[in-house]
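Working notes for the structure below.
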Amino acid sequence: MDSWQQAQMHLLLRRWRTERRLATPRFACGPGNSLSDVPGVRVGHSTLARGAVQTGVTAIVPPGDNLFARPLPCGAAVLNGFAKPAGLVQIAELGELQTPILLGNTLAVGTLFTALARDAIGRNPELGRALPTVNPLVLECNDGWLNDIQALAVTEKVALEALAGAGPAFARGSVGAGRGMSCFGLKGGIGTASRPIPALNATLGLLVLANFGALAALTLDGVRIGEAVEPLLPELAPQDDAGSIIIIMATDAPLDARQLGRIAKRAGAGLGRLGSYWGHGSGDIAVAFSTRHRPEPPPDAALEPLLAAVADATEHAVLDALLSADAVSGFRGHFRPSLSQVLDRLAQALPD
Numbered sequence: 104m105d106s107w108q109q110a111q112m113h114l115l116l117r118r119w120r121t122e123r124r125l126a127t128p129r130f131a132c133g134p135g136n137s138l139s140d141v142p143g144v145r146v147g148h149s150t151l152a153r154g155a156v157q158t159g160v161t162a163i164v165p166p167g168d169n170l171f172a173r174p175l176p177c178g179a180a181v182l183n184g185f186a187k188p189a190g191l192v193q194i195a196e197l198g199e200l201q202t203p204i205l206l207g208n209t210l211a212v213g214t215l216f217t218a219l220a221r222d223a224i225g226r227n228p229e230l231g232r233a234l235p236t237v238n239p240l241v242l243e244c245n246d247g248w249l250n251d252i253q254a255l256a257v258t259e260k261v262a263l264e265a266l267a268g269a270g271p272a273f274a275r276g277s278v279g280a281g282r283g284m285s286c287f288g289l290k291g292g293i294g295t296a297s298r299p300i301p302a303l304n305a306t307l308g309l310l311v312l313a314n315f316g317a318l319a320a321l322t323l324d325g326v327r328i329g330e331a332v333e334p335l336l337p338e339l340a341p342q343d344d345a346g347s348i349i350i351i352m353a354t355d356a357p358l359d360a361r362q363l364g365r366i367a368k369r370a371g372a373g374l375g376r377l378g379s380y381w382g383h384g385s386g387d388i389a390v391a392f393s394t395r396h397r398p399e400p401p402p403d404a405a406l407e408p409l410l411a412a413v414a415d416a417t418e419h420a421v422l423d424a425l426l427s428a429d430a431v432s433g434f435r436g437h438f439r440p441s442l443s444q445v446l447d448r449l450a451q452a453l454p455d
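With positions in the sequence shown counted from 1, the corresponding number in my numbering is that position plus 103.
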């Protein structure tokens, strides 16, 4: 680390020591700085934390009792496709969200798909008979470092608990699908952020399942702090930029599916600010939906403030995940410390 970076890191750590915060957002935050600042959007978790099993499910529930009957406009961007999602192909073709969204670990995708199908059948008894089949949306990251993923511990019951428990207030960090996730070699998980968009009289809400990034690349406020962290944690198992991130966006702007796909792409700008380059083995996927059933798409040029807000909210949702997460020990004694622990250790070493 050169002298300029060293000086910047000292300023960042002094701010952490005195204010306990990092990285001032570029734009104003919503009232809760949360995905659920978009009216009607709810989030629920079901967490499994017992010995080698460190995993869970997170549900994102848009407004509406029956999305199959009244789907929402939806778009997606696959930044890097090393991933095993379910439902993205039909969203790319039709631009519609027909179910809530479930997040979980890689080997739970089939179970979560079945849980969403069963939920939709309960609301539409003729589904797959007199009616077409449904397109459940399930997205995943690999939590196999902290979680014994072969245990296949996620059941339909766990998924339905996450759906049933969804509300506007929800926990972040090492909860739900985020329980076993790692981020920049530290403890990752669930993070969230929101940004009002006055020009569109709308709100952007965003939630991440953060499980990506190499520690040496970690960049906070433009400071490559990962280079200073690595020597402090020689026992820490390395993490390549190969673990994946899922980014879910909601807005009450009346965008169509094409425009939602455009804003989803801008999540990549926020990831880059943190030091990620979407490595070879990383599944980096963003999904954006509107809570307005009937699109009234504004001119594309009017999306400019929304595009900028997506990059900002993505960066800060990942930081929220890192700062909200508790340290976790799990499968085979594997361990991930929290970013807060690491920053405290660095800050304590600063000269007065």
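In this text, a Cβ means the ideal position worked out from N, Cα and C, and glycines have one as well.
Bear in mind that the values here come from a model prediction, so they are computed numbers and not experimental data.
Sorted by chain position, which residues of the same chain lie with C-beta nearer than 7 Å to Ala269's C-beta, five sequence neighbours on each side aside? Arg145, Val146, Gly147, Ala162 and Val164
Please check the pair Arg448 and Leu406, which I expect to be a contact at CB under 8 Å, by giving their CB distance rounded to whole angstroms. In fact, because the Cβ distance is near 42 Å, the residues do not count as touching under 8 Å.
Looking at C-alpha atoms only, which residue of Thr295, Gln451 and Asp355 is the closest neighbour of Val141? Asp355
For my contact list, Val181 and Ile388 are in at a C-beta cut-off of 8 Å; report their separation, rounded to the angstrom. 6 Å
Counting only the same chain and skipping the five closest in sequence on each side, list residues whose C-beta sits under 6 Å from that of Gly371. Leu182
Does the segment 295 to 305 come close enough to the segment 128 to 141 to have 3 or more Cβ pairs within less than 8 Å? yes
For Val212, which three-state DSSP category applies? helix
Sheet register partners of Ala152 (DSSP bridge): Gln157
Please list, in chain order, all residues of the same chain as Ala220 whose beta carbon is under 7 Å from its beta carbon, the five residues on each side excluded. Val237 and Pro239
Rounding to the nearest angstrom, what Cα-Cα distance links Leu409 and Leu358 in this structure? 11 Å
Hey, would you say Ala218 sits closer than 8 Å to Glu259, going by beta carbons? yes
If I'm right that Gly433 touches Asn250 with Cβ under 8 Å, what's the distance once you round it to whole angstroms? 6 Å
Evaluate the contact criterion for the segment 288 to 295 versus the segment 170 to 179: three or more CB pairs, one atom per stretch, below 8 Å. no
Separation of Ala404 from Ser427, as counted between CA atoms: 36 Å
Proximity below 8 Å, CB of Ile349 to CB of Leu206: yes
Which residues DSSP lists as bridging Asp387, in chain order: Asn183 and Ile348
Quick check on Gln157: buried or exposed, where buried means 16 or more other Cβ atoms within 10 Å of its Cβ? buried
Candidates Met284, Val257, Ala424 and Pro401: which alpha carbon is nearest Asn304's? Pro401
Below 8 Å on the Cβ atoms is my contact criterion, and I expect Val160 with Ala265 to pass it. Report the Cβ-Cβ distance as a whole number of Å. 4 Å
Arg439 - DSSP class collapsed to helix/strand/coil: strand
Using only the heavy atoms of the ligand FAD, determine whether one of them is closer than 7 Å to the beta carbon of Gly154. Ligands in the displayed structure: none, and consequently the ligand FAD is not present.
Put Phe434 into one of helix, strand or coil per three-state DSSP. helix
Unbroken alpha helix (DSSP H) run spanning Glu264, endpoints: Glu259 to Ala267
Which residues bound the beta strand (DSSP E) around Gly456? Absent from the model: residue 456. The displayed extent of the chain is 104 to 455, so no value can be given.
Just to confirm before moving on: does the CB-CB distance between Ala331 and Met352 stay below 8 Å? no
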